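Under numbering that gives the first Met the number 0, the letters of the sequence shown match residues 0 to 241, in that order. This report refers to the structure that appears directly beneath it.
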Amino acid sequence: MDALIFTLMSGAERGMRAQQIHANNLANLETGGFRADLELATSKAVNTGYGYDARHMSQLQANSVASREGVLRQTGQDLDVAISGQGYFAVQFGEGEAYTRAGHFVVDQDGQLTLDGRAVLGDGGPIVLPQFTRVEIASDGVISIQSPGTTEMQQVDRLRLVKPDAAEVTKNPAGLIVARNGQPFAADETVAVRSGHLEGSNVSAIEEMIAVMNLTREFEIQMKLYRAADGMAETGNRLVGT
């Protein structure tokens with residue numbers, strides 16, 4: 000009987016945590032460049048030793064990221080950039096770097112190219128733009144500016160673009176993409192970008208709602224089975240006591 004209870008408890012907990020993951024995905028439906036979290040359940044032994052071989056619980060981990068592309072929206076802004084195909088922009092995070100698909104870049108008062116307050120990384124580190132009257136970002140990530148009083152465009156830096164496999168990435172507490180092994184990814188020159196565009200979230204509202212409804216039904220079934228197991232336990236106790 001206790002093996003059944005372990006199974007039911009594990010299933011109910013997995014359902015509750017999975018609902019939280021899908022609820023977070025739905026909450027970021029309109030967040031630019033957001034990557035949906037995927038639920039991943041693994042088996043975990045309850046204990047070790049004689050008599051516990053059949054006692055396992057599921058362990059849910061929201062550390063897989065959906066790699067499909069979001070819809071591109073044209074903005075016409077020179078510093079709005081979207082990645083065409085697979086890949087990520089690199090931004091500074093603490094002492095290292097993290098990655099994102101969001102590309103609404105802003106130049107701060109010091110000329111540094113930033114994204115949500117974090118420095119955008121180029122070939123040599125954080126990108127700092129000299130004073131300019133015009134800026135262009137080419138499809139290969141090369142940034143060129145037109146300085147005041149000049150007519151020609153001058154290359155100043157290049158966006159650091161990476162293209163890791165989906166199995167190599169996860170999310171950090173800030174919601175940014177990071178490497179599972181903690182090491183920075185190598186730059187990939189095959190990654191292409193589109194200036195004047197922004198990418199939306201890759202969350203599918205229909206898929207997330209269906210997943211939430213299915214999880215709700217599964218949780219209800221687990222609770223019904225739990226009540227049935229409780230009733231069988233009470234019946235067994237009465238039989239033993241007679």
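C-beta: ideal position from N, C-alpha, C; glycine also. The structure displayed is predicted, hence computed values, not measured ones.
**Prompt:** For the candidate residues Thr150, Val134, Asp229, whose alpha-carbon lies nearest to that of Ser143?
**Reply:** Val134
**Request:** Pick out whichever of Gln221, Asn24, Arg193, Thr132 has its Cα sitting closest to the Cα of Thr150.
**Result:** Thr132
**Message:** When you compare the CB positions of Val70 and Gly199, do they come within less than 9 Å of one another, or not?
**Reply:** yes
**Prompt:** Near Gln221, which residues of its chain fall below 7 Å by C-beta distance, leaving aside the five closest residues on each side in sequence?
**Reply:** Leu7, Gly10, Ala11, Gly14
**Request:** Spatial neighbours of Val168 within its chain, please: CB distance less than 6 Å, with the 5 preceding and 5 following residues excluded, ordered by chain position.
**Result:** Val64, Ile176
**For Asp79, the residue or residues it bridges with in DSSP** = His103
**Message:** Please state the DSSP three-state secondary structure of Ala22.
**Reply:** helix
**Request:** Use the C-beta contact count for Gly86: other C-beta atoms within 10 angstroms, 16 or more gives buried, fewer gives exposed.
**Result:** buried
**Message:** Mapping the DSSP letters down to three states, classify Arg133 as helix, strand or coil.
**Reply:** strand
**Message:** One question on the structure: do Val192 and Ser138 come within less than 9 Å of each other, judged by their Cβ atoms?
**Reply:** yes
**Request:** Would you mind stating whether Val80 and His196 have Cβ atoms separated by less than 9 Å?
**Result:** yes
**Request:** Determine which residues share a DSSP beta bridge with Glu206 and list them.
**Result:** None, per the DSSP bridge assignment.
**Message:** For a test of the three-state rule: what should DSSP assign to Ser146, helix, strand or coil?
**Reply:** coil
**Prompt:** Which whole-angstrom value is the C-beta distance of Gln18 and Leu214, which I expect to be below 8 Å?
**Reply:** 5 Å
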